[in-house]
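Asker: Residue numbers (this note's numbering): 89 to 257.
Idealized CB from N, CA, C, for every residue including glycine.
This structure is a prediction, so every number in the text was calculated from the model and none was measured.
Take this structure, written in structure tokens, and hold onto it; I'll ask about it next.
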Amino acid sequence: MKFRVKDMDIATGGILIVILNEKDAKKMDLHSGDRILVKHNKKTLTCILDISESKKAVPEGKIGLFEEVLNRLNVRDGTNVEVAFTGKPESLKHIRDKLFGKKLTYQELYHIMDDITNDRLTDIEKTYFVAGGFTNGWNAEEIVEMTKAMVKTGKTLKFGRITLDKHCI
89 MKFRVKDMDI
99 ATGGILIVIL
109 NEKDAKKMDL
119 HSGDRILVKH
129 NKKTLTCILD
139 ISESKKAVPE
149 GKIGLFEEVL
159 NRLNVRDGTN
169 VEVAFTGKPE
179 SLKHIRDKLF
189 GKKLTYQELY
199 HIMDDITNDR
209 LTDIEKTYFV
219 AGGFTNGWNA
229 EEIVEMTKAM
239 VKTGKTLKFG
249 RITLDKHCI
């Protein structure tokens with residue numbers, strides 16, 4: 089479904105949030121906290137939905153975008169975007185597994201790291217991930233695989249030569 093962008097002129101500090109009018113959300117059978125895909129040209133973002141009961145905040149036919157979403161999609165007020173429902177990330181199943189004591193594989197850790205890096209998890213979901221590690225611990229293999237996944241999904245520094253400090257020992 090297409091919506092016209094309304095710049096909310098609010099920054100969240102990282103998490104990707106959008107707001108739909110209550111009536112539009114009902115038409116699409118969406119609820120607060122659902123994840124939706126917001127598409128513009130060839131860019132697609134997974135965002136967390138909030139719902140406005142006020143017609144003033146976000147009128148019907150419009151979607152309120154926070155600064156992080158506006159910047160990542162490179163859109164401004166009045167631009168048309170495509171919106172569709174998407175389910176919860178697969179990484180939430182892996183986080184739940186860790187909470188219940190399962191050892192995670194590289195692929196599972198990669199999914200989690202990728203979702204963290206791309207702001208697809210809420211702060212609460214990331215907290216559950218940390219709690220799973222705190223409660224059940226990490227074995228050496230999981231630590232190695234998680235480190236590899238972090239390097240693969242994140243940004244890395246290249247110094248051009250071997251660089252060591254006392255923490256590498």
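Tell me the residue span of the beta strand (DSSP E) that contains Phe-91.
Answerer: 90-95
Asker: Just to confirm the assignment: which complete beta strand (DSSP E) runs, minimum length 3, are found wholly within the region 111-147?
Answerer: 123-128 and 131-140
Asker: If contacts are defined as beta-carbon pairs under 8 Å, then Glu-155 and Lys-127 qualify, I think. What distance do you get, rounded to the angstrom?
Answerer: That belief does not hold up - the Cβ atoms of Glu-155 and Lys-127 are roughly 19 Å apart, past 8 Å.
Asker: Quick check for students: name the residue ranges of the beta strand (DSSP E) that lie wholly in the region 159-232, counting only runs of 3 or more.
Answerer: 168-174
Asker: What does a CB cutoff of less than 7 Å around Asp-207 pick up in its chain, not counting 5 residues either side in sequence?
Answerer: Gly-102, Ile-103 and Leu-104
Asker: Compare the Cα-Cα distances from Ile-124 to each of Thr-193, Val-146 and Thr-134 and report the closest residue.
Answerer: Thr-134
Asker: Who are the Cβ neighbours of His-182 in its own chain at under 8 Å, not counting the five residues just before and after it?
Answerer: Leu-192, Glu-196, Leu-197, His-199 and Ile-200
Asker: How many angstroms separate the CA atom of Ser-179 from the CA atom of Asp-203?
Answerer: 7 Å
Asker: Quick one: grab the DSSP three-state call for Lys-236.
Answerer: helix
Asker: Between Ala-99 and Lys-186, what straight-line distance do the alpha-carbon atoms span, to the nearest angstrom?
Answerer: 32 Å
Asker: Looking only at its chain, what residues have a beta carbon closer than 6 Å to the beta carbon of Gly-242, apart from the 5 residues adjacent to it on each side?
Answerer: Thr-205
Asker: In the structure shown, what three-state DSSP assignment does Lys-47 receive?
Answerer: In the structure as shown, the chain starts at 89 and stops at 257, and residue 47 therefore has no counterpart that could be examined.
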